[in-house]
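Engineer: Residue numbers (the working numbering), protein chains in the order written: chain W, 1 to 345; chain D, 346 to 516. Backbone N, C-alpha and C fix where the C-beta goes; we use that ideal spot for every residue, glycine too.
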Amino acid sequence: MHEGLLVNLTVFLTRIAEFIFGNIFIAQLFIVLLEIVVIFAVISLAVIIQVYMERRICGLIQDRFGPNRVGPFGLLQTVADMIKLMSKEDIVPAKAEKLLWGITPMLLFIPAALVYAVFPFDNGVIFADIGIGIFFVIAVMSQGVLLFLLGGYASENKYSFMGAMRAVAQMLSSEIPIAFSILAIVMMTGSLRMSDIVSAQSGIWFIAVQPLAFIIFIIAMLMETNRTPFDLVEGEAEIIAGPFTEYSGMRWALFFLAEYTNLLAAAILTVTLFLGGWQGPFLPGISWFILKVFAVIFVFMWIRWTFPRTRIDQMMALSWKVLLPLALFNIMATGIGIYIYKWIY
Amino acid sequence: MNIDLSSGLFYFLAAVMLFSALGIIYCRNLVHSALFMALCFISVAGLYAMINADFLAAVQIMIYAGTVVILIVLGIMITRRTTMERTSMPEKKYIFRASVLAGILFFLMSYIFITAGTLPTLNTVTLPDDTVSALAELLLDRYMLAFEIAAVLLLAAMIGAVVLAKGADEK
Numbered sequence: 001m002h003e004g005l006l007v008n009l010t011v012f013l014t015r016i017a018e019f020i021f022g023n024i025f026i027a028q029l030f031i032v033l034l035e036i037v038v039i040f041a042v043i044s045l046a047v048i049i050q051v052y053m054e055r056r057i058c059g060l061i062q063d064r065f066g067p068n069r070v071g072p073f074g075l076l077q078t079v080a081d082m083i084k085l086m087s088k089e090d091i092v093p094a095k096a097e098k099l100l101w102g103i104t105p106m107l108l109f110i111p112a113a114l115v116y117a118v119f120p121f122d123n124g125v126i127f128a129d130i131g132i133g134i135f136f137v138i139a140v141m142s143q144g145v146l147l148f149l150l151g152g153y154a155s156e157n158k159y160s161f162m163g164a165m166r167a168v169a170q171m172l173s174s175e176i177p178i179a180f181s182i183l184a185i186v187m188m189t190g191s192l193r194m195s196d197i198v199s200a201q202s203g204i205w206f207i208a209v210q211p212l213a214f215i216i217f218i219i220a221m222l223m224e225t226n227r228t229p230f231d232l233v234e235g236e237a238e239i240i241a242g243p244f245t246e247y248s249g250m251r252w253a254l255f256f257l258a259e260y261t262n263l264l265a266a267a268i269l270t271v272t273l274f275l276g277g278w279q280g281p282f283l284p285g286i287s288w289f290i291l292k293v294f295a296v297i298f299v300f301m302w303i304r305w306t307f308p309r310t311r312i313d314q315m316m317a318l319s320w321k322v323l324l325p326l327a328l329f330n331i332m333a334t335g336i337g338i339y340i341y342k343w344i345y
Numbered sequence: 346m347n348i349d350l351s352s353g354l355f356y357f358l359a360a361v362m363l364f365s366a367l368g369i370i371y372c373r374n375l376v377h378s379a380l381f382m383a384l385c386f387i388s389v390a391g392l393y394a395m396i397n398a399d400f401l402a403a404v405q406i407m408i409y410a411g412t413v414v415i416l417i418v419l420g421i422m423i424t425r426r427t428t429m430e431r432t433s434m435p436e437k438k439y440i441f442r443a444s445v446l447a448g449i450l451f452f453l454m455s456y457i458f459i460t461a462g463t464l465p466t467l468n469t470v471t472l473p474d475d476t477v478s479a480l481a482e483l484l485l486d487r488y489m490l491a492f493e494i495a496a497v498l499l500l501a502a503m504i505g506a507v508v509l510a511k512g513a514d515e516k
């Protein structure tokens with residue numbers, strides 16, 4: 001496999017930093033900080049693109065235009081929206097628990113952004129290729145639910161609180177099918193390391209070997225990221241906006257940012273686990289990666305604007321009575337399959 | 346890693362852990378106590394990660410810090426806000442007994458640690474490269490029976506909980 005373009009760039013920048021600072025330790029620290037900044041820049045840029053994409057695709061599917069006035073093709077609409085949100089009045093509910101209520105939107109971004117540390121963007125382009133890679137992702141992703149509960153609790157509003165309770169029920173029941181569908185992949189790779197999972201797919205993508213795990217994973221990921229068929233946490237027809245009811249302006253924008261950060265993380269996970277990661281012919285790895293990620297995001301948006309919202313009991317029943325047994329069956333079938341494969345070869 | 350950097354990190358995590366442990370006890374509000382508990386568990390996970398037990402750290406975050414959510418939900422559903430302020434005060438009559446017991450425990454522990462001489466530290470223990478496969482070999486090979494018994498016990502507890510919950514609902 002060719003070395004990624006970004007690896008060479010990092011080596012080059014490290015040399016320059018070493019020349020400037022005259023100390024290899026400070027140079028490496030500087031590069032690490034630079035990488036963190038790059039990850040945040042990538043997340044922010046991707047969120048802006050996704051918001052624009054969401055509205056245009058919604059327009060396409062519902063046979064209307066979507067935003068098309070601000071800038072060419074409406075490209076600057078998200079920027080205008082962001083300026084509007086930042087200039088809005090900061091309204092704090094009188095009865096809310098001010099401190100908890102205030103820090104929740106900020107804390108919500110931490111688990112959402114932390115998982116990006118172990119995502120392989122290209123060959124060798126991974127912030128921390130730790131041995132527990134995918135398990136780290138599952139562990140950190142599951143912390144988001146605490147902050148949804150906190151936001152709903154601290155708002156002192158019954159709709160917020162109902163939304164928070166729904167968030168707990170929904171996210172806990174979606175994490176288990178996610179973990180078990182990933183387990184089948186891990187059984188085939190024999191490693192939790194993200195780079196090993198990608199390189200195990202150099203021959204054949206896991207979507208072809210594990211179609212059942214792929215379907216379970218996609219459905220459970222829709223639940224985890226609160227997207228429509230399963231956006232019950234903020235089901236506006238029932239509970240206004242769930243945990244976000246009392247938030248407005250920039251604080252609400254942070255919830256929004258975390259939501260799209262999670263969507264991007266879900267797409268990257270799908271690509272890494274099932275679609276061969278950055279691997280592909282001719283083009284450099286990073287461009288294949290971006291292409292695949294945006295294709296998966298398009299599918300997620302397509303699903304969102306095509307299906308109606310389910311009820312909370314239907315969602316819970318689907319998760320516990322259909323997805324979980326299927327995932328367990330898939331693990332057993334994978335185990336038997338691995339033994340037969342070893343027996344034949 | 347630089348020695349000074351890692352010991353500084355250790356003291357920071359230990360301070361956060363102790364502060365949040367005190368917060369668990371002294372907060373009047375049940376939810377605030379539970380949140381301090383999450384902070385405490387996460388700083389313990391940080392300590393695990395510092396001694397290269399990365400799998401244990403992730404388990405600590407996922408299982409223990411994740412459980413705090415359930416704890417808060419149960420706490421909110423079972424207790425009432427009005428009584429929460431009054432009932433979570435420590436009982437006065439237990440303070441003397443508890444402090445004597447804690448004092449005895451503290452002196453016992455410090456006696457053991459002082460007389461034990463050299464404790465294994467990071468420098469004397471060779472760290473495995475891959476904690477996950479090392480753990481898997483221990484759990485699924487050497488301590489297979491204990492692992493399976495624990496799994497069956499947990500399964501029995503889970504089935505028991507389901508039976509209790511369903512029975513209460515349908516009768």
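At least one CB of chain W closer than 8 Å to the CB of D486/D: is that the case?
Structural biologist: Taking the second sequence and counting its residues from 1, the one referred to as residue 486/D is at position 141. With 8 Å as the cut-off, D486/D does not count as an interface residue toward chain W.
Engineer: Alpha carbon to alpha carbon, how far is P120/W from L480/D? Give it in angstroms, no decimals.
Structural biologist: Start at 1 with the first residue of the second sequence, and residue 480/D comes out as number 135. Start at 1 with the first residue of the first sequence, and residue 120/W comes out as number 120. Their Cα atoms are separated by approximately 25 Å.
Engineer: Kindly indicate which residue of G190/W, G242/W and L273/W has the alpha-carbon position closest to the one of M213/W.
Structural biologist: In the first sequence, the residue the question calls residue 213/W occupies position 213. First, the residue type needs correcting, since residue 213/W is Ala and not Met in the sequence shown. Comparing Cα-Cα distances from A213/W to each of G190/W, G242/W and L273/W, the minimum goes to L273/W.
Engineer: What's the C-alpha gap between N358/W and I39/W?
Structural biologist: There is no way to answer for residue 358/W, as the model of chain W reaches only from 1 to 345.
Engineer: Quick check on this structure: which residue in L100/W, I240/W and V198/W has the alpha carbon closest to the alpha carbon of L150/W?
Structural biologist: Residue mapping note: residue 150/W aligns to position 150 of the first sequence, counting from 1. Closest option to L150/W, Cα to Cα, is L100/W.
Engineer: Nearest by alpha-carbon distance to G163/W: which of S173/W, M171/W, G152/W and I43/W is it?
Structural biologist: The count along the first sequence starts at 1 and reaches residue 163/W at position 163. Checking every option, the nearest Cα to that of G163/W belongs to G152/W.
Engineer: Pop quiz: V233/W and Q170/W are said to be a contact at Cβ under 8 Å. What is the actual Cβ separation, rounded to whole angstroms?
Structural biologist: Within the first sequence, the letter at position 233 stands for residue 233/W. Within the first sequence, the letter at position 170 stands for residue 170/W. 6 Å between Cβ atoms; contact.
Engineer: So is V414/D in contact with chain W if we call contact Cβ pairs under 8 Å?
Structural biologist: Working through the second sequence from its first residue, we reach residue 414/D at position 69. Closer than 8 Å to some Cβ of chain W, the Cβ of V414/D qualifies, so yes.
Engineer: Straight-line CA distance for M1/W to T104/W?
Structural biologist: Translated into the one-based positions of the first sequence, residue 1/W becomes position 1. Translated into the one-based positions of the first sequence, residue 104/W becomes position 104. In this prediction, M1/W has a pLDDT of 42, which is less than 50 and means its spatial position is unreliable; nothing more can be read from the coordinates.
Engineer: Kindly indicate if chain W contains any beta-carbon less than 8 Å away from that of Y383/D.
Structural biologist: On the second sequence, residue 383/D is found 38 positions in, with the first residue counted as 1. For clarity, residue 383/D is Ala in the given sequence; the question names Tyr instead. So yes, A383/D belongs to the interface.
Engineer: In chain D, what lies closer than 8 Å to V322/W by C-beta?
Structural biologist: Numbered from 1 along the first sequence, position 322 holds the residue referred to as residue 322/W. Residues of chain D passing the Cβ test: none, with the nearest at roughly 18 Å.
Engineer: Output needed for A265/W: all residues of its chain with C-beta closer than 6 Å, excluding positions within five of it in sequence on either side, in chain order.
Structural biologist: Numbered from its first residue, the first sequence carries residue 265/W at position 265. So the qualifying residues of the chain are V115.
Engineer: Any contact between the segment 333 to 342 of chain W and the segment 177 to 191 of chain W? By contact I mean 3 or more CB pairs, one from each, below 8 Å.
Structural biologist: A contact exists between the segment 333 to 342 of chain W and the segment 177 to 191 of chain W.
Engineer: Could you pull the start and end residues of the alpha helix (DSSP H) that D313/W belongs to?
Structural biologist: Along the first sequence, one-based indexing puts residue 313/W at 313. First-last of the alpha helix (DSSP H) with D313/W: I312 to A317.
Engineer: Give me the chain D residues within the contact set of Y159/W, using Cβ-Cβ distance strictly less than 9 Å, ordered along the chain.
Structural biologist: Here the question's residue 159/W lines up with position 159 in the first sequence. The contacting residues do not exist; Y159/W stays about 16 Å from chain D at best.
Engineer: State yes or no: is the C-beta of F355/D within less than 8 Å of the C-beta of S365/D?
Structural biologist: Indexing the second sequence from 1 puts residue 355/D at position 10. Indexing the second sequence from 1 puts residue 365/D at position 20. Cβ atoms of F355/D and S365/D: not closer than 8 Å.
Engineer: Expressed to the nearest angstrom, what Euclidean distance is found between the alpha-carbon atoms of N397/D and R487/D?
Structural biologist: On the second sequence, residue 397/D is found 52 positions in, with the first residue counted as 1. On the second sequence, residue 487/D is found 142 positions in, with the first residue counted as 1. Cα to Cα, N397/D sits roughly 22 Å from R487/D.
Engineer: Within the 8 Å Cβ cut-off, does Q143/W reach chain D?
Structural biologist: As a first step, residue 143/W must be located in the first sequence, where it is residue number 143. Yes, Q143/W counts as interfacial toward chain D.
Engineer: From the beta carbon of Y153/W, is the nearest beta carbon of chain D less than 8 Å away?
Structural biologist: Position 153 of the first sequence, counted from the first residue, corresponds to residue 153/W. So yes, Y153/W belongs to the interface.
Engineer: The alpha helix (DSSP H) that contains S44/W, what's its start and end?
Structural biologist: Counting from 1 along the first sequence, the entry for residue 44/W is found at position 44. Residues I24 to I61.
Engineer: Only counting runs of 4 or more residues, tell me where the alpha helix (DSSP H) segments fall wholly within the segment 173 to 205 of chain W, in order along the chain.
Structural biologist: For the segment 173 to 205 of chain W, whole alpha helix (DSSP H) runs of length 4 or above, ordered along the chain, are 194 to 199.
Engineer: Please compile the residues from chain W whose C-beta is within a distance smaller than 9 Å of the C-beta of F400/D.
Structural biologist: For this step, residue 400/D is matched to residue 55 along the second sequence. Those within 9 Å of F400/D in chain W are G131, I132, F135 and L192.
Engineer: Under 9 Å Cβ-Cβ, which residues of chain W neighbour G411/D?
Structural biologist: In the second sequence, the residue the question calls residue 411/D occupies position 66. The contacting residues are A139, S142, Q143, V145, L146, L172 and E175.
Engineer: When we look at the beta-carbon of W320/W and count the other beta-carbons within 10 Å, is it buried (16 or more) or exposed?
Structural biologist: Translated into the one-based positions of the first sequence, residue 320/W becomes position 320. Under this definition W320/W is an exposed residue.
Engineer: Are the CB atoms of P177/W and I138/W within a distance shorter than 8 Å?
Structural biologist: As a first step, residue 138/W must be located in the first sequence, where it is residue number 138. As a first step, residue 177/W must be located in the first sequence, where it is residue number 177. No, these two residues do not count as a Cβ contact at 8 Å.
Engineer: Between the segment 272 to 288 of chain W and the segment 57 to 64 of chain W, do at least 3 Cβ pairs fall closer than 8 Å?
Structural biologist: As far as the Cβ criterion goes, the segment 272 to 288 of chain W does not touch the segment 57 to 64 of chain W, which means the pair count is below three.
Engineer: From A17/W, L192/W and A80/W, pick the residue whose C-alpha is nearest to that of G131/W; which is it?
Structural biologist: On the first sequence, residue 131/W is found 131 positions in, with the first residue counted as 1. The shortest Cα separation from G131/W among A17/W, L192/W and A80/W belongs to L192/W.
Engineer: Taking only beta-carbon positions, decide if L149/W is within less than 8 Å of chain D.
Structural biologist: Taking the first sequence and counting its residues from 1, the one referred to as residue 149/W is at position 149. It does: the Cβ of L149/W has a partner Cβ on chain D nearer than 8 Å.
Engineer: Output needed in chain order: residues of the segment 46 to 76 of chain W with a Cβ under 7 Å from some Cβ in chain D.
Structural biologist: Within the segment 46 to 76 of chain W, no residue qualifies.
Engineer: Does the separation of the CB atoms of Y159/W and I290/W fall below 8 Å?
Structural biologist: The count along the first sequence starts at 1 and reaches residue 159/W at position 159. The count along the first sequence starts at 1 and reaches residue 290/W at position 290. Not in contact: Y159/W and I290/W (Cβ atoms no closer than 8 Å).
Engineer: Name the residue from V47/W, V7/W and E54/W whose alpha carbon lies nearest to the alpha carbon of Y260/W.
Structural biologist: By one-based count along the first sequence, residue 260/W stands at place 260. That would be V47/W, whose Cα lies nearest to the Cα of Y260/W.
Engineer: Does M407/D have its Cβ less than 8 Å from a Cβ in chain W?
Structural biologist: Translated into positions along the second sequence, residue 407/D becomes position 62. Closer than 8 Å: yes.
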